[in-house]
Structure formats: structure tokens, C-alpha cells
Amino acid sequence: MSATPGSISLRGVSKSFRVYDGGKARLLDALTFGRADRGRDFWALRDVDLEVERGTTMGVLGRNGAGKSTLLRVIAGNLRPTRGEVRVAGQPIFLQMGAGFNPDYTGRENVMLNGLVLGLERKKILERFDEIEAFADIGEFIDQPVRTYSSGMRSRLGFAVAVNVEPDILIVDEALSVGDAVFKQMGLQKMRELRDRGSTILLVSHSIGTVRGFCTRAALMHQGRLIASGDTAEIADRYQALLSGSARGSGVPEGFKYEPEGLGDDEEAEAVERDPLLADESLKKTGLRHGTGEVKVSDVEVLGPDGGPVGVLRPGDEIRVRLHLLAREDVEGVKVGITFRNQTGLEVFSTDTVHEGLAPESLMAGKRVFVDFTVGLALKPGNYGIVAHVSSAGKKKTYYDWLGVAATFKLNKLDSKDVVPGLVRLPSRAEVGRRD
Ligand SMILES: Nc1ncnc2c1ncn2[C@@H]1O[C@H](COP(=O)(O)OP(=O)(O)OP(=O)(O)O)[C@@H](O)[C@H]1O
Numbered sequence: 001m002s003a004t005p006g007s008i009s010l011r012g013v014s015k016s017f018r019v020y021d022g023g024k025a026r027l028l029d030a031l032t033f034g035r036a037d038r039g040r041d042f043w044a045l046r047d048v049d050l051e052v053e054r055g056t057t058m059g060v061l062g063r064n065g066a067g068k069s070t071l072l073r074v075i076a077g078n079l080r081p082t083r084g085e086v087r088v089a090g091q092p093i094f095l096q097m098g099a100g101f102n103p104d105y106t107g108r109e110n111v112m113l114n115g116l117v118l119g120l121e122r123k124k125i126l127e128r129f130d131e132i133e134a135f136a137d138i139g140e141f142i143d144q145p146v147r148t149y150s151s152g153m154r155s156r157l158g159f160a161v162a163v164n165v166e167p168d169i170l171i172v173d174e175a176l177s178v179g180d181a182v183f184k185q186m187g188l189q190k191m192r193e194l195r196d197r198g199s200t201i202l203l204v205s206h207s208i209g210t211v212r213g214f215c216t217r218a219a220l221m222h223q224g225r226l227i228a229s230g231d232t233a234e235i236a237d238r239y240q241a242l243l244s245g246s247a248r249g250s251g252v253p254e255g256f257k258y259e260p261e262g263l264g265d266d267e268e269a270e271a272v273e274r275d276p277l278l279a280d281e282s283l284k285k286t287g288l289r290h291g292t293g294e295v296k297v298s299d300v301e302v303l304g305p306d307g308g309p310v311g312v313l314r315p316g317d318e319i320r321v322r323l324h325l326l327a328r329e330d331v332e333g334v335k336v337g338i339t340f341r342n343q344t345g346l347e348v349f350s351t352d353t354v355h356e357g358l359a360p361e362s363l364m365a366g367k368r369v370f371v372d373f374t375v376g377l378a379l380k381p382g383n384y385g386i387v388a389h390v391s392s393a394g395k396k397k398t399y400y401d402w403l404g405v406a407a408t409f410k411l412n413k414l415d416s417k418d419v420v421p422g423l424v425r426l427p428s429r430a431e432v433g434r435r436d
């Protein structure tokens, strides 16, 4: 049975490159056809298993050098794996920054050439030319040789061609990052249209926001291994945890480490007994919590308009989000914040104490405080998650505690007709003027 076009399956895929410690070693190896054996194997991909179903939009996350581009090149068929099996059903289009153009041809000639290479008929390319040109929006440059283009222009043209071919699989490697904000939005809109038509899309991006907003699934690469794949919100949290872990030089974080320092053993045990959130093992494992631990979030309450625990909430209501904190060491300059995320993991609102005009707090070991955020819910009905964070207020931000899903709330519809498009409900009104 043949696989559905648009599906991707990788089994035990590894890729090694021969690397050399200097030009001399490389030269010697080349001159002796490898007999000098001065190089060593570097494994850019290690034993990757991945299944992607047709119509999935998958974000590939990972730090520089994690193996993301190598993975995409292997899937696109541009690179042969050293070991393992790659099955790709259908025709993938691989969009890399500025790749795929002949520099001496004009933009117009390259569109034709590219379209033909990608499998479009000449008639079809001509039919779509206006659309491609309008989308690329590079003006008279379309009749200039591509070597005169900026990298942004090349990327716009490449993207315009690729999305107009309607591929089974579109692979995008940071191509959007060189465009301006308007182009990024247009690019994402086009990719949404492709997704709705059933194309599979793989997107490498360093922007967690883009991946959260656009992708239904995500994969996290680290040192050539695929260390997690699945739900976008969860993987994005793990990536964030990985980034803050590496900022402290510890590599992959093992979640939150609960090591009593500022508090004595008895005090610590008592604190944990009072606040189960202080030692939540399952949160540590999933990567939904990270931080250096000098201050910890011990509880999060969502209080309704009457000050009691939250009941049925409707758009326009106000809530109070109360974060309880425990300092485990003396810390100066503490900033406390919250972020709301919608069902797809998109961050719809964020604030913190400094942003709200409060001075950074100084806390002594063992001290307990709480911070209230009162927020008007100008949001559409749906389920929302609250991220709670405590960090240093200085320029270089260190998270003391970061909790991915600290609490949730649900906004019900006002009535059965209350279906509003868009993410937010900004205060608005309409008036009718009459001209006699
Ligand atoms: N042709 C090559 N020869 C030798 N090493 C290579 C080659 N291509 C990639 N590598 C190495 O493989 C590792 C993974 O590279 P890759 O470009 O896939 O990472 P990446 O996650 O896409 O990084 P970035 O986010 O910086 O683009 C890196 O250490 C890189 O130096």
C-alpha cells in the first residue's frame, strides 16, 4: 500500500559529516583520497524517529547547531542519511534562504525556471505570474538579475513561487525571518491557506511565537537528537526551558531542581507540606517548570469578580490572579509576571510588576508574599492557561521560577449568538450617521 501524499516517516535516521581540525588535515586527506585518515565523524543527526501525518504543520525547534537544517535537508532529499530510512510521500518543496535561483537571470526568468523545476506547467506559471509578482512585491527588480537583490528580496520571490505551486509538502527553513513584518504576516497567511488545503508544512524557526501561533505540532532537536515531539504548547515550553537552562550553562535542564539552600531542612519540609506546588514532581518531568529556584511560586489562585474562587466567567469580566511566592534565599530586584495563553498556546496577554509600575521587590529567605494582578478579560470565549513567572528585573533576565500551566480559566459565551471572530474583544462601539 502506498503512503498518503504529504506524509513523512523517519526511522533511525543518522547523518555524519567528516570534519577536520585544520586545513592541513583536510588537504592531506584529500591528497591521499582519505588514506591519511586525518578527519573524524561528526554526527549531526542521531537515530531520529519521526512520523508526520498529511496536513500537519510542524515547527522544528532547537538551539543553533542542534541539527534542524540537516533534518530538513534529509527530508527534502537534498542530503542522503548515513543510516536509517526516510519515507516521504509526494513532492516536497524546500525553501531555504535565498536558495534555488540563478543569479544571472532576472526575477521573471527565475520564476519561470523555478516553476518548471517544481513541476508547474508553463501555462499554469503564466496564469499565476501576476499573483506571484504581486506577492513578491519587489517592484521593478523583477526585471533585474537576481544577483542585484537583497537577501530579503530573494526570499520574497522564492516564497512567492513556492506557495503558488501548492506542494504536498512545504519545508521552510527560516525563510520568513529575513522579510519585514508585513511580509511575515502575508507569508503566514499563505501558509495557512496551504495548510487548509491539506499541505504538510515543516517550519524551522527560532521564533517560539511563530511556531506557537502557526504549528499544530512541534519537534525539539538537541545535539542531533529528536528529544521531544508532540503538542506545540508543551514542546515550546520545553524549548524555553532548554534555552534558560543553557543560559546557565547546564545543557538540557532536568526540570526544576529542588535543592534546599536558604532554608533549613525542617522549614523546607514544612513549606512543601503547606504548598504542594513547591515540589510538584510531574511538572519537573514534563519541562513545564524551570528556573534557578531562589524564589518559587507556591500557589496560584484565580479569583472571580466577587473576590471568591472563580465561577462562570464571561468576556468583559475582571479577574484577579494571585501569585503566592516563597523566597528560599535573599534576593534583590525581583520581578513577578503572568502570561495568558489561548487553546493553541498563543500568548494573548502578558504583564509583570515592573510593567504595572511597581518597583522590583527585595525578598529575604523564608519570606512569603503574594502579588495580585487584576485583569479585564477583553478576550473571546474559550479556555485559557496562565503562565506564572518570577525573574530578576535586570537587563539579563534569569528566571527564578517559571510555571507553564500554573492555572486555567474559561470564558463562556454571553449568549448563543455570541460568536466573535478574532482573538480579542477590544472595547468598541458602532454609530450610524445620516446624511440628508
Ligand atoms: N556539511 C557539513 N559538514 C560538517 N558539519 C556540518 C555540515 N552541515 C552541518 N554540520 C554540522 O552539523 C550540526 C548541525 O547543523 P544544522 O545546520 O543542522 O543545525 P541547525 O539546528 O539548523 O542550526 P542553526 O539554528 O544554527 O541553523 C552543526 O554542528 C554543524 O556544524
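If you number the sequence shown the way UniProt numbering does, the last residue is 436 and the count never jumps.
Just so it is clear, CB atoms sit at the ideal spot from N, CA and C, and this is done for glycine as well.
Is DSSP giving D237 helix, strand or coil here? Counted from its first residue, the sequence shown places residue 237 at position 237. Per DSSP, reduced to three states, the secondary structure at D237 is helical.
Using a threshold of 7 Å, state whether the C-beta atoms of P315 and R429 are closer than that. Looking up residue 315 in the sequence shown gives position 315. Looking up residue 429 in the sequence shown gives position 429. No, the pair does not count as a contact, with Cβ atoms beyond the cut-off.
Terminal residues of the continuous beta strand (DSSP E) containing L220? As a first step, residue 220 must be located in the sequence shown, where it is residue number 220. Note, L220: beta strand (DSSP E), R217 to H222.
Cut-off 8 Å between Cβ atoms - residues of its own chain near M186, not counting five sequence neighbours on either side: The residue given as residue 186 occupies position 186 in the sequence shown. Excluding positions up to five away in sequence, the list reads F135.
Can you tell me which of the three DSSP states G148 falls into? Translated into positions along the sequence shown, residue 148 becomes position 148. For the sequence presented, residue 148 should be read as Thr rather than Gly. The answer is helix: DSSP assigns T148 an H, G or I state.
Compute every distance between the C-beta of V19 and the non-hydrogen atoms of ligand 1, then say whether any falls below 6 Å. Sequence index remark: in the sequence shown, residue 19 carries index 19 (1-based). Result yes, Cβ under 6 Å from ligand 1.
Count Cβ pairs between the stretch 221-232 and the stretch 359-379 that sit closer than 8 Å; are there 3 or more? no
To which residues does DSSP link S9 through a beta bridge? Within the sequence shown, residue 9 is the residue found at index 9, counting from 1. DSSP lists E51 and R87 as partners of S9.
How would you label P305, buried or exposed, when you count the other beta carbons within 10 angstroms and need 16 or more for buried? On the sequence shown, residue 305 is found 305 positions in, with the first residue counted as 1. Answer is exposed; the Cβ neighbour count stays below 16.
Using 10 angstroms around the beta-carbon of H355, count the other beta-carbons present and answer buried if the total reaches 16, otherwise exposed. Residue numbering aside, residue 355 sits at position 355 when the sequence shown is read from its first letter. The residue in question, H355, is exposed, as its Cβ has fewer than 16 Cβ neighbours within 10 Å.
Roughly how many angstroms lie between the CA atoms of V312 and T374, to the nearest whole one? To locate residue 312, count along the sequence shown from 1; it is residue 312. To locate residue 374, count along the sequence shown from 1; it is residue 374. Each residue's Cα considered, the two are about 17 Å apart.
Closer than 8 Å by C-beta to G84: which residues in its own chain qualify, once you throw out the five before and the five after it? Chain order, please. Numbered from 1 along the sequence shown, position 84 holds the residue referred to as residue 84. These residues qualify, in order along the chain: L10, R11, G12, V13, S14, D47 and V48.
Helix, strand or coil: how does DSSP classify residue 441 here? In this structure the chain extends from 1 to 436, so residue 441 is not present and cannot be described.
Under 6 Å from any heavy atom of ligand 1, does the C-beta of T82 make it? The residue you call residue 82 lines up with position 82 of the sequence shown. Because no heavy atom of ligand 1 lies under 6 Å away, the Cβ of T82 does not count as near it: no.
With a cut-off of 8 Å on the beta carbons, I'd call L116 and Y105 a contact; round off their distance for me. The sequence position of residue 116 within the sequence shown is 116, counting from 1. The sequence position of residue 105 within the sequence shown is 105, counting from 1. L116 to Y105, Cβ: 12 Å. No contact.
Check the C-beta distance from V172 over to V204 and give it rounded, since I have them as a contact under 8 Å. Walking along the sequence shown from the start, residue 172 turns up at place 172. Walking along the sequence shown from the start, residue 204 turns up at place 204. Contact flag correct, Cβ pair sits at about 7 Å.
Which residues does DSSP pair with S350 in a beta bridge? Residue 350 sits at position 350 when you count from the first residue of the sequence shown. Paired residues: T339.
Just to confirm, does K68 get its C-beta within under 6 Å of one of the non-hydrogen atoms of ligand 1? If you number the sequence shown from 1, residue 68 lands on position 68. At least one heavy atom of ligand 1 is found less than 6 Å from the C-beta of K68.
Run through DSSP, which three-state label would L27 get? Position 27 of the sequence shown, counted from the first residue, corresponds to residue 27. In the structure shown, L27 sits in a helix (DSSP, three-state: H, G or I).
Would you check whether ligand 1 has a heavy atom nearer than 6 Å to the C-beta of G77? Taking the sequence shown and counting its residues from 1, one reaches residue 77 at position 77. Answer for G77: no, Cβ out of range of ligand 1.
Hey, could you find the ends of the beta strand (DSSP E) G213 is sitting in? Stepping through the sequence shown from its first residue, residue 213 is reached at position 213. Not the beta strand (DSSP E): G213 falls in the alpha helix (DSSP H), residues I208 to F214.
Out of F340, V390 and G376, point me to the one whose CA is closest to G291's CA. One-based indexing of the sequence shown puts residue 291 at position 291. The shortest CA-to-CA distance from G291 to any of F340, V390 and G376 is the one to V390.
Would you decide whether P427 is buried or exposed? Buried here means 16 or more other CB atoms lie within 10 Å of its CB. Start at 1 with the first residue of the sequence shown, and residue 427 comes out as number 427. P427 should be labelled exposed.
Consult DSSP for S155 and reduce its assignment to one of helix, strand or coil. Against the sequence shown, residue 155 aligns to sequence position 155. Looking at S155 - three-state DSSP - the assignment turns out to be helix.
Excluding the five sequence neighbours on either side, which residues of its own chain have a C-beta within less than 6 Å of the C-beta of R368, listed in chain order? Within the sequence shown, residue 368 is the residue found at index 368, counting from 1. L326.
Rounded distance between the beta-carbons of I319 and L377, thought under 8 Å: In the sequence shown, residue 377 corresponds to position 377, counting from 1. In the sequence shown, residue 319 corresponds to position 319, counting from 1. Contact holds; Cβ gap of about 6 Å.
T57 versus T32: straight-line alpha-carbon distance, rounded: In the sequence shown, the residue the question calls residue 57 occupies position 57. In the sequence shown, the residue the question calls residue 32 occupies position 32. Straight-line Cα distance between these residues: approximately 46 Å.
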